[in-house]
Each structure stands twice: as C-alpha cells, then as structure tokens.
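One structure is given below, encoded as structure tokens.
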Amino acid sequence: MITIVARSSRSLARHSRVAAAAVYHTQVLVPSGKTACMPLDMAIAGTTALCVGSLLGMPDAHTHAHVPFPQFQSTSSKTTDSASSWDLSDQVLGAGAFGVVHLGIRRDTGEVGAVKMQRNLKHRDSIQRELHALQVVQAKGGHKNIIALKDVFERDGHTCIVTEFVSGGELFDHIVNHGAFSEQDARKPMRDIVEAVAFLHAHGLIHKDLKPENVLLRFKDRARADNAATLVDFGSAGPASRASSADEIGTTVYQAPELLRRDSECTQAADVWSLGCILYVLLTGRHPFDLDGTATERQIEARIRRGKVSFKHPACRDLSPDAKDLISQLLTKDPIKRPSAQAVLDHPWMRATKAKEQPTDLLTLAMLAQRQPTPVVSVSA
Numbered sequence: 001m002i003t004i005v006a007r008s009s010r011s012l013a014r015h016s017r018v019a020a021a022a023v024y025h026t027q028v029l030v031p032s033g034k035t036a037c038m039p040l041d042m043a044i045a046g047t048t049a050l051c052v053g054s055l056l057g058m059p060d061a062h063t064h065a066h067v068p069f070p071q072f073q074s075t076s077s078k079t080t081d082s083a084s085s086w087d088l089s090d091q092v093l094g095a096g097a098f099g100v101v102h103l104g105i106r107r108d109t110g111e112v113g114a115v116k117m118q119r120n121l122k123h124r125d126s127i128q129r130e131l132h133a134l135q136v137v138q139a140k141g142g143h144k145n146i147i148a149l150k151d152v153f154e155r156d157g158h159t160c161i162v163t164e165f166v167s168g169g170e171l172f173d174h175i176v177n178h179g180a181f182s183e184q185d186a187r188k189p190m191r192d193i194v195e196a197v198a199f200l201h202a203h204g205l206i207h208k209d210l211k212p213e214n215v216l217l218r219f220k221d222r223a224r225a226d227n228a229a230t231l232v233d234f235g236s237a238g239p240a241s242r243a244s245s246a247d248e249i250g251t252t253v254y255q256a257p258e259l260l261r262r263d264s265e266c267t268q269a270a271d272v273w274s275l276g277c278i279l280y281v282l283l284t285g286r287h288p289f290d291l292d293g294t295a296t297e298r299q300i301e302a303r304i305r306r307g308k309v310s311f312k313h314p315a316c317r318d319l320s321p322d323a324k325d326l327i328s329q330l331l332t333k334d335p336i337k338r339p340s341a342q343a344v345l346d347h348p349w350m351r352a353t354k355a356k357e358q359p360t361d362l363l364t365l366a367m368l369a370q371r372q373p374t375p376v377v378s379v380s381a
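The opening position of the sequence shown corresponds to residue 1 in UniProt numbering, with each subsequent residue numbered one higher.
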C-alpha cells in the first residue's frame, strides 16, 4: 500500500501564509503530532475511496457549537446486529481529529461502504448531529446530491457510520489539479449543491460547514454529462443556533460575517453565504477574500466582516455579468437580503444553458498547486 501523509499545526492561525482556497484543505488540518493519511492511488476493491478529509469531517481545529439532538434511532431492525454484518479492512484509509475511516464490506451482500469510526465519549455531539441530519434526509426519501447513510453500529466504544462510496473526489481537489471550472461546466455541480442545500433547508436543517472540500463528484471526469455533486460531512448540521466564541460553527473562512461577530444566530442565510464562496472559488480558483493568497486568517476575517466582494482581479476578467450578479447576491453582508437557496435555483445564471468559457490563467493554477502540503510518501507491503 502507498500512502501519502501530510503534517500540519493545530490551528489555521498558526499556519504560514497560503494561497487561494488551498489553505483550507481539510486533508491537512489535524491536531499537532497527528497525521492524515489517504491512499495515493485510492483505487480500492475496484472503486475509488471516498475522500478522507471530507468523510472525517475535519473543518479545522475548531469544535462545533453544541446543539442537543435526540439519540439516533434506527429505522431498520438490521442496524441492531450490524456490528457483525460488516468486515472492516485492516487498511486505514484515513485518521484525523474526528475519527478513523476503514474500508467496509458487508458480509451478506458484498456491498462496499466507507466506515467512519468515532469514539463515543469524545465526539458524542458531532456524532449525534451527523446521525440526526442523515436520518432526517433518509426519512424524507433521501436526496441524490446528499451522501447516503447505509448503516450504523457500535464496536469497541466507537460509533461506526457507514456511508456510500463516491468515486470522483473532492470538488476542491478538482480545482487544484485541473483549474477553475468554466461557467458551463460549473453550472451542473453548483445546481446540485444548491438543490441539496434547499432540500436541507426545507426540512429544518442547516449544513453550517459548506465548502469545496465537503462536496464530492461522482466521477473523476468532471465534464461528464452524468456527473453529479454530493454533499458530505454533517457533523455541524442542525437547526438554527447561536454561535459563541467558545464553540465555532464550520470553517472560519467560509463563515458568514454575522457568525464572526458571535452575537448572531446561525440561520439558513449562513449557508447561502457559503454557497457564494463556493461559486467564487469554483469559477476563479481563488478565495473571494484572499485573491492573491497572501492574507492571514485574521485579515480574511476582517474582509469577511466588511462584506465587500471584488471582481477586479484578473482571475475574474471573464466572468459573465450573470455570474457576478449571483455571487454578489450570495455574498450580501446583510443576511436578510440574501436569497433563499430555493430562490437561487431561479437565478438567470443557474437556468442558463450556455455560458462563455473561462480559461484558468497559469498563475492561478501554479499558486493553488504550490500551496498543497508537501507530502511524505511511505511505501509498505
């Protein structure tokens, strides 16, 4: 097995300056002294493993605001004896602050799943939030753009959450490896993401940690007509809640300005702001509040609080008027003035069938690539 190991410090605030969205790659944000591991090839049992960073739910070193939820209740009697139904591979796909992920194979059917193991006592709140959200989605018939919960069981003091495999990799990685999307290619995954968020909002849930790292593509070829985006990592999800200085919600640099004040409620409008950040990164390969990749986290937070998005950077030169208008609406400072996720689906940019192709400049690609963590590759039998 070949694994790639990336090391980092405990907090984003301690990281050196970084470029564009690459600084927020969940894959490397783990506690000091620990590592995040993922297969270099990632081809396991004929399918590609679900991206470890997203599955682990590692937004950064922050904790999440406590929102009490009822204990997860199985909707199927088969969950009761699931601990003996799944064989876990000895191979650890990844390890991070929120758990360990194994390849799992269901004994009776041969079905492959991604099994995230989290210690019950340490991650109780995150486990309950994730299971509650996934159970709500499941009870409402599921959604094609939301990761499907397959099973839940306990083993050796851990809660094991089994989800489907998604083979295409993180949206973030596609941007880093292949450049920003053209408007034509971006429209389909963006619509998928917004539809998933609108579904959550319609059923009383807020994701609270939307970012390119928490979106997976079904296939590696992002231009495939049948490709689709899948929303993952529901460890922060829940109803509206008040943010506090002690309990962070989601990833700071994708948070809405009202959440940075810590005196405001996290509402559906916070997800809409994050959608604006995703669309900006998707189309330009750059974070809207760190265009040159030289800002510190504190500087980015200050820019978010001001809430002024700019399209003057060369990376934005080919954006269509409709794209700029939609981003501006999503990144409106006043949460009351932001459109709902459902309304976003009716925006002209979302409904267009053709758009001007936007080539990604070489500087953008170089900046994103060079800010990836320097890997330490280990080879074992």
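Glycine is no exception: its CB is placed at the ideal position from the N, C-alpha and C atoms.
CA-to-CA, the gap between Asp-292 and Arg-286 works out to about 8 Å.
A contact is defined here as three or more CB-CB pairs under 8 Å, and the segment 289-305 fails this definition with respect to the segment 182-195. In summary, Pro-348 is exposed, with fewer than 16 beta-carbon neighbours lying within 10 Å of its beta-carbon over all protein chains present. One thing to note: His-102 has its Cβ within 8 Å of the Cβ of Ser-89. Between the segment 300-307 and the segment 335-352, the count of Cβ pairs shorter than 8 Å is below three; the stretches do not touch. Residue state for Ala-223 is assigned as coil, using DSSP reduced to three classes. For the pair Asp-271 and Ser-236, the CB atoms are not nearer than the 8 Å cut-off.
Look at the segment 236-306 and you find no whole run of beta strand (DSSP E) that is 3 residues long or longer. From the listed residues Asp-233, Leu-205, Ile-304, Gly-141, the smallest Cα separation to Pro-257 is found for Ile-304. Annotated three-state conformation of His-158 is strand, per DSSP. DSSP, reduced to helix, strand and coil, places Lys-337 within a helical segment of the structure shown. Within the model, the alpha-carbon separation for Leu-171 versus Asp-108 is close to 33 Å. Its Cα nearest to that of Asn-145, the residue Val-197 stands out among Gly-238, Tyr-280, Leu-260, Val-197. With fewer than 16 neighbouring CB atoms inside 10 Å of its own CB, Ile-336 falls in the exposed class. Counted as a single uninterrupted DSSP element, the alpha helix (DSSP H) harbouring Ile-327 occupies residues 321-330. CA-to-CA, the gap between Arg-124 and His-201 works out to about 24 Å.
About 7 Å separates the beta carbons of Arg-129 and Phe-234, which is inside the 8 Å limit, making them a contact pair.
The residue among Ile-147, Asp-173, Val-152, Ala-180 with its C-alpha nearest the C-alpha of Phe-165 is Ile-147. Inter-residue distance for Arg-224 and Gly-169 is about 14 Å (C-alpha atoms, whole angstroms).
A direct Cα-Cα distance of roughly 9 Å separates Gly-104 from Lys-116. The DSSP-derived three-state label of Ser-89 is strand. Residue environment: Arg-306 is assigned as exposed (fewer than 16 neighbouring CB atoms within 10 Å of its CB, all protein chains considered).
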